[in-house]
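These notes are about the structure you will find just below.
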Amino acid sequence: MTTNEALINYCLRLGDSSLILGQRMSEWCSNGPILEEDIAMSNIALDLFGQARIMLTYAGKIEKKGRTENDLSFKRLEREFLNNLLSERPNGHFGDTVARNFFLSAFSFHLYSALKASADEQISAFAIKSLKEVTYHLRHSAEWIIRLGDGTEESHTKIQDSIENLWEYTEDLFAMNEVDKILIKEKIAIDLNTIKPLWNKTINEILTKATLNQPENSFMQSGSLDGMHSEVLGHLLTEMQFLPRAYPTAKW
Amino acid sequence: MLNLKQYNKEAIWKFLSEVPDPEIPVISVVELGVVRKVKVLTEKVIITITPTYTGCPAMKAFEDDIISKLNDKGIENVEIKTVYSPAWTTDWMSDEAREKLRKYGIAPPIKGTEDKGVLFGSDSKIVSCPRCKSKNTTLKSQFGSTACKALYQCKECLEPFDYFKCI
Chain A
1 MTTNEALINY CLRLGDSSLI LGQRMSEWCS NGPILEEDIA MSNIALDLFG
51 QARIMLTYAG KIEKKGRTEN DLSFKRLERE FLNNLLSERP NGHFGDTVAR
101 NFFLSAFSFH LYSALKASAD EQISAFAIKS LKEVTYHLRH SAEWIIRLGD
151 GTEESHTKIQ DSIENLWEYT EDLFAMNEVD KILIKEKIAI DLNTIKPLWN
201 KTINEILTKA TLNQPENSFM QSGSLDGMHS EVLGHLLTEM QFLPRAYPTA
251 KW
Chain B
1001 MLNLKQYNKE AIWKFLSEVP DPEIPVISVV ELGVVRKVKV LTEKVIITIT
1051 PTYTGCPAMK AFEDDIISKL NDKGIENVEI KTVYSPAWTT DWMSDEAREK
1101 LRKYGIAPPI KGTEDKGVLF GSDSKIVSCP RCKSKNTTLK SQFGSTACKA
1151 LYQCKECLEP FDYFKCI
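Protein chains in written order, with this note's numbering: chain A, 1 to 252; chain B, 1001 to 1167.
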């Protein structure tokens, strides 16, 4: 694998994870539990789409096959998507969404903090810019984790269940392969083992504050680096890709 | 063919300062800090812009409005380039622009109060109500009517208002 091939793969990982979570968040638009949350979740979706655009455009550019951000978003199949498994988890109830976003935004927060120093200018610019937005996303989900965990008996039970149910997808966030090896050597990517303790610390601090328990690792899901997803991604893509596939010549 | 070199940069910047933000029409794209660079070549003018937020839906409107303004001024060939570095910051907004925001009913960003902590309480700031100027206000939501704003409410006059987030 060449450095350029590794870089394309890496950009797709970053771009796809933002895109798929963005699509999930946009599913809340007009379905939020209260107006403020509806607006908040739609805003988060927008930020994520913006972040995805930067990375997918860049991936298309360095691939040199003429694929645009739209081609990459709307004309790939499940197995070609490299988003982490957690980002595709269905919204479930509000607590499920909050728990998923909490794990993910804490991960992005630490990842982008480290990628600010990437030797690749575009990845560094992406990380600096996205970090400003992800800080708000983390704050939003962390506040809700505390509010629900330290809330009523019902909200406490529900959010604890959400955390337990999603925990098995968190290990996949830190998976690495040949791509990472090549890019770490070039100082483009970072060793995810270095941010894992930071992520754990953030999760632990907030869960403790929320009077919630951090689950133990038991069976942990994996596969996103090889494009192995659960069936829910297919359903998500069916909706997301419908229009450009049904009307390939459609324009804004 | 028209030689665009007849337009100096200052003239182009002046034209651009006539392009309002599509969502906050009291300030221009120049005052907002979205326009980063103007380059005049013989055959075209290149305008470099940067988004406030990566997903800002107004970006396309910024591009279209800039092109149409320059077209109106006789500059046909305009190229828009988007850059992400250096990342846009509210610090680029002039005091004059901040005052315009306040008069329009949007509390301007308070310099140096970027939200860095994970929790609300970790960095508190006092946002004055743009209507009654009371400092007795409360944050309702980190996310407001557009990506760049948060929702506050004044406890004195009870009016809700937008605060332009400091990033």
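Beta carbons are placed, not taken as given, at the ideal position from N, Cα and C, and that holds for glycine.
All figures in this text were calculated on a predicted structure; none of them were measured in a lab.
Proximity winner among the options, relative to residue i (alpha-carbon distances)
| i | options | result |
| --- | --- | --- |
| B:Pro1051 | B:Ala1097, B:Glu1063 and B:Val1127 | B:Glu1063 |
| B:Gln1153 | B:Ala1147, B:Lys1081, B:Cys1166 and B:Ser1134 | B:Ser1134 |
| B:Met1093 | B:Gly1033, B:Ile1047 and B:Val1040 | B:Gly1033 |
| A:Leu131 | A:Ser222, A:Phe107 and A:Ala119 | A:Phe107 |
| A:His140 | A:Glu37, A:Lys116 and A:Ser162 | A:Glu37 |
| A:Arg100 | A:Ile190, A:Asp191, A:Ile62 and A:Glu168 | A:Glu168 |
| A:Asp120 | A:Arg89, A:Met176, A:Leu173 and A:Met55 | A:Met55 |
| A:Ile163 | A:Leu212, A:Glu154 and A:Phe174 | A:Leu212 |
| A:Asp16 | A:Thr194, A:Glu153 and A:Ala52 | A:Ala52 |
| A:Ile173 | A:Gly32, A:Ser230 and A:Ser224 | Here residue 173 of chain A is Leu; the residue named in the question, Ile, does not match the sequence. Nearest option by C-alpha distance: A:Ser224. |
| A:Ser18 | A:Leu192, A:Glu133, A:Arg67 and A:Met176 | A:Glu133 |
| B:Gly1055 | B:Leu1158, B:Glu1159, B:Pro1160 and B:Thr1146 | B:Thr1146 |
| B:Ile1110 | B:Val1127, B:Tyr1104, B:Glu1099 and B:Asn1136 | B:Val1127 |
| A:Leu207 | A:Asn9, A:Phe49, A:Trp144 and A:Ile44 | A:Trp144 |
| B:Pro1025 | B:Leu1139, B:Arg1102, B:Glu1076 and B:Glu1159 | B:Arg1102 |
| B:Tyr1104 | B:Pro1086, B:Lys1081, B:Val1035 and B:Cys1129 | B:Cys1129 |
| A:Thr57 | A:Arg13, A:Asn43 and A:His93 | A:Arg13 |
| B:Pro1086 | B:Ile1049, B:Cys1148 and B:Glu1099 | B:Ile1049 |
| A:Thr194 | A:Ala45, A:Glu153, A:Lys61 and A:Ala114 | A:Ala114 |
Same chain only: Cβ atoms within 6 Å of residue i, ignoring 5 sequence neighbours per side
| i | result |
| --- | --- |
| B:Pro1022 | Ala1058 and Ala1061 |
| B:Gly1144 | Ala1150, Leu1151 and Asp1162 |
| A:Lys209 | Ile146 |
| A:Phe74 | Gln241 and Pro244 |
| A:Ala45 | Gly22, Met25 and Ser26 |
| B:Ala1097 | Ile1027 and Glu1031 |
Contacts around residue i, its chain only, beta-carbon distance under 8 Å, and the 5 residues preceding and following it disregarded
| i | result |
| --- | --- |
| A:Gly227 | Glu78, Arg79, Glu80, Phe81 and Leu82 |
| B:Val1030 | Trp1013, Leu1016, Ser1017 and Val1019 |
| A:Glu205 | none |
| A:Val232 | Glu88, Arg89 and Pro90 |
Spatial neighbours of residue i in its chain, beta-carbon cut-off 7 Å, leaving aside the 5 residues before and after
| i | result |
| --- | --- |
| A:Asn91 | Arg24, Glu27, Trp28 and Thr97 |
| A:Thr3 | Ile182 and Glu186 |
| B:Leu1070 | Phe1015, Val1045 and Val1078 |
| A:Leu21 | Leu48, Ser87 and Leu104 |
| A:Cys234 | The sequence given here places Gly at residue 234 of chain A; Cys does not occur at that position. These residues qualify, in order along the chain: Glu78. |
Residue i beta carbon near the ligand GDP (any heavy atom closer than 7 Å)
| i | result |
| --- | --- |
| A:Met55 | With respect to the ligand GDP, the structure offers nothing, as it holds no ligand at all. |
Distance, residue j Cα to residue i Cα
| i | j | result |
| --- | --- | --- |
| A:Glu171 | A:Leu86 | 9 Å |
| A:Asn200 | A:His137 | 17 Å |
| A:Lys64 | A:Lys158 | 48 Å |
| A:Ala40 | A:Phe103 | 18 Å |
| A:Met220 | A:Gln214 | 15 Å |
| A:Leu135 | B:Ser1141 | Correcting the residue type first, residue 135 of chain A is Thr in the shown sequence and not Leu. Taking the straight line from one Cα to the other gives about 14 Å. |
| A:Ile128 | B:Glu1156 | 38 Å |
| A:Ala142 | A:Ser230 | 26 Å |
| B:Ile1027 | B:Asp1091 | 15 Å |
| A:Asn31 | A:Asn177 | 38 Å |
| B:Glu1159 | A:Ser124 | 41 Å |
| A:Gly95 | A:Gly151 | 12 Å |
| B:Val1038 | B:Tyr1053 | 21 Å |
| A:Ala250 | B:Thr1138 | 45 Å |
| B:Ile1080 | B:Lys1100 | 27 Å |
Exposure of residue i, with buried meaning 16 or more beta-carbon neighbours within 10 Å
| i | result |
| --- | --- |
| A:Met1 | exposed |
| A:Ser105 | buried |
| B:Asp1095 | exposed |
| B:Gln1006 | exposed |
| B:Tyr1084 | buried |
| A:Arg147 | exposed |
| B:Phe991 | No answer is possible for residue 991 of chain B: the residues shown for chain B start at 1001 and end at 1167. |
| A:Asn84 | buried |
| A:Ile34 | exposed |
| A:Tyr247 | exposed |
| A:Ala117 | exposed |
| A:His110 | buried |
| A:Asn70 | exposed |
| A:Leu72 | buried |
| A:Leu236 | buried |
| A:Thr202 | buried |
| A:Ile62 | exposed |
Task: Interfacial residues, the stretch 1051-1079 of chain B to chain A, with Cβ spacing under 9 Å - done: Pro1051, Tyr1053, Thr1054, Gly1055, Cys1056, Pro1057, Met1059 and Lys1060
Task: Positions along the stretch 27-45 of chain A whose CB lies within less than 7 Å of some CB in chain B - done: Glu36, Ile39, Ala40 and Asn43
- [ ] With 7 Å as the C-beta to C-beta threshold (strictly closer), list the residues of the stretch 139-168 of chain A near chain B in chain order.
- [x] Arg139, His140, Ala142 and Glu143
Task: the stretch 1099-1110 of chain B: positions lying closer than 7 Å to chain A by Cβ - done: none
Open item on the list: So if I threshold CB-CB distances at 9 Å, which residues from the stretch 93-127 of chain A count as touching chain B?
Closed with: Ala106, Phe109, Glu121, Gln122, Ser124, Ala125 and Phe126
Task: Residues, ordered as in the chain, of the stretch 1083-1099 of chain B that lie near chain E by beta-carbon distance below 9 Å - done: Of the chains in the structure shown, none is chain E; the protein chains are A and B.
Task: Interfacial residues, the stretch 1128-1147 of chain B to chain A, with Cβ spacing under 9 Å - done: Lys1140, Ser1141, Gln1142, Phe1143, Gly1144, Ser1145, Thr1146 and Ala1147
Task: Chain-ordered residues of the stretch 191-214 of chain A with a beta carbon less than 9 Å from chain B - done: Thr202, Glu205, Ile206 and Lys209
- [ ] Could you name the residues of the stretch 167-188 of chain A whose beta carbon sits closer than 8 Å to any beta carbon of chain B, in the order they occur along the chain?
- [x] none
Open item on the list: To be precise: take each residue of the stretch 48-79 of chain A, compare its Cβ to all Cβ atoms of chain B, and keep it if any distance is under 8 Å. Which residues remain?
Closed with: Leu48, Phe49, Gly50, Gln51, Arg53 and Ile54
TODO: Using a Cβ-Cβ cut-off of less than 7 Å, list which residues of the stretch 1146-1161 of chain B approach chain A; keep chain order.
DONE: Ala1147 and Leu1151
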